[in-house]
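Reminder that position 194 of the sequence shown reads as 253 in my numbering, one-by-one numbering, no gaps.
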Amino acid sequence: MVPAQSGLIVQLIGRTEFTAPQDVPFETDAVGGQALAEFAGRSIYSSWERAVPATASNSGFLLHLLQVGHLSVLEHSSATFYLRGLSRSVTHEFLRHRHFSYSELSPRAEPQDVVEPAAIGADPVLHQRFQTAVAQARTAYEDLLDGLQQAGTSRPDGSLARKQARQAARAVLPLAQSTAIVVTGNYRAWRHFIGMRATEAADVELRMLAVALLAELQREAPHVFADFRISTLADGTSTAASPYVGDG
Ligand SMILES: Cc1cc2nc3c(=O)[nH]c(=O)nc-3n(C[C@H](O)[C@H](O)[C@H](O)COP(=O)(O)OP(=O)(O)OC[C@H]3O[C@@H](n4cnc5c(N)ncnc54)[C@H](O)[C@@H]3O)c2cc1C
């Protein structure tokens, strides 16, 4: 589990397992998703013998795939994360990436704490304005909820009526509300996401999340993600880039 920034928790909860078929002469110096990606790549020509020294190891073979852009092989292996303490603003942008599978805390659940943007939190005056705005939104939510629940008290489907009341009242809650989400993606999708969202142009909260995910993926599958270099910008935040990431 990685506490990546104030309140954000990035936790790897699922990974690929690989079992080599017993009737194929395949052995490698890696396990899990990295081994599976290599197996898939070698299966294309049944090239189980390791004739070329540069690609004889798992790291050498996968680096070659990254260099030539043979990325479909990376789609066999996946990683699942449980992310907490990120804003709905960020998950809204995350969900634009169509090759992931998602399960997110229902927006009809009780209101959550907020994730204050770092740029606002760094300034005491702006921080105070932010806190005031959040408190006002919460008061408006409670008022609306009261009104909606009173209007729905005579309905027999109490549980559904409460959900529907929360679903209408939430319209005034801020995008900064904290949420939690399970995200599953294959290695290729993760590389594409990090390539787009760990850049300086990306939203800062999403960029910090992308860099934190990269750090976890580099631990999990270094031969697939080590080409990304993490660096620090003048404002102290991080960014990451790879020489091999294009359109994927
Ligand atoms: C800095 C930044 C600013 C942004 N600003 C805005 C904004 O103002 N408004 C806005 O709406 N969005 C914005 N976006 C979101 C962006 O336009 C994409 O929707 C999002 O990043 C998903 O990435 P993707 O298009 O690569 O698709 P992904 O879903 O991540 O798919 C990965 C790749 O698969 C391929 N692919 C997926 N689906 C298809 C398809 N249907 N047809 C063909 N190829 C496909 C493409 O090669 C694609 O690049 C922004 C993104 C960034 C990084």
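Each residue gets a CB set at the ideal place from its N, CA and C atoms; glycine is no exception.
Check: Under the DSSP definition of a beta bridge, which residues are partnered with residue 74?
Finding: Its beta-bridge partners are 138.
Next item on the list: State the start and end residues of the unbroken alpha helix (DSSP H) segment that holds residue 104.
Entry: Careful: residue 104 lies outside any alpha helix (DSSP H) and carries neither H nor E.
Checklist line | Cβ-Cβ distance between residue 166 and residue 101 below 8 Å | finding: no
Check: Taking the alpha-carbon positions, what's the residue 250 to residue 272 distance?
Finding: 10 Å
Next item on the list: Out of 202, 263, 257, 246, state which residue places its alpha-carbon closest to the alpha-carbon of residue 121.
Entry: 246
Check: Mind checking residue 93: buried by the 16 CB within 10 Å criterion, or exposed?
Finding: buried
Margin query: Count Cβ pairs between the segment 256–266 and the segment 146–165 that sit closer than 8 Å; are there 3 or more?
Written below: yes
Next item on the list: Indicate, with yes or no, if ligand 1 has a heavy atom lying under 7 Å from the CB of residue 74.
Entry: no
Checklist line | Cβ distance (whole Å) where residue 269 is taken to contact residue 284 below 8 Å | finding: So it is not a contact: roughly 12 Å between Cβ atoms.
Notebook entry, point to check: Does the beta-carbon distance from residue 146 to residue 237 come in below 8 Å?
Noted result: yes
Margin query: At the level of alpha carbons, what is the spacing between residue 68 and residue 280?
Written below: 20 Å
Notebook entry, point to check: Using a Cβ-Cβ cut-off of 6 Å (strictly less than) and excluding sequence neighbours within five positions of residue 188, which residues of its own chain qualify?
Noted result: Its chain contains no residue whose beta carbon lies nearer than 6 Å to that of residue 188 once the 5 sequence neighbours on both sides are disregarded.
Check: From which residue to which residue does the beta strand (DSSP E) around residue 288 run?
Finding: 288–291
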